[in-house]
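In this text, residue positions in the sequence shown follow full-length UniProt numbering: the first is 1, and each later residue adds one. Step one of this worksheet: look at the structure below.
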Amino acid sequence: MMIPVRCFTCGNVIGEHWDEFKRRAREGDEDPGKVLDELGVERHCCRRMMVSHKDLVDVVAPYQ
């Protein structure tokens, strides 16, 4: 699966927060902004990367 490892704009490592963010914000129906605050992702560019990332694995390979 492709996860956003680094922010394209500033280069900060954001991959370490991806699984927790996806579990809580996308699948758990929590507010993404609050989840990112709790994970310590403060920069706007990094937050944008996390919120706007789309997992294409389900689209490209729908059969498992």
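We put the CB at the ideal spot given by N, CA and C, even for glycine. Computed from a predicted structure; not experimentally measured.
In the DSSP assignment, H17 falls outside any alpha helix (DSSP H), carrying neither H nor E. In the three-state scheme derived from DSSP, where H, G and I count as helix and E and B as strand, R43 is classed as coil.
Classified as buried, C7 has 16 or more neighbouring CB atoms from the shown chains inside 10 Å of its CB. Residue pairing for R24: DSSP places it in no beta bridge. Cβ atoms of I3 and V41 stay farther apart than 8 Å, at about 14 Å.
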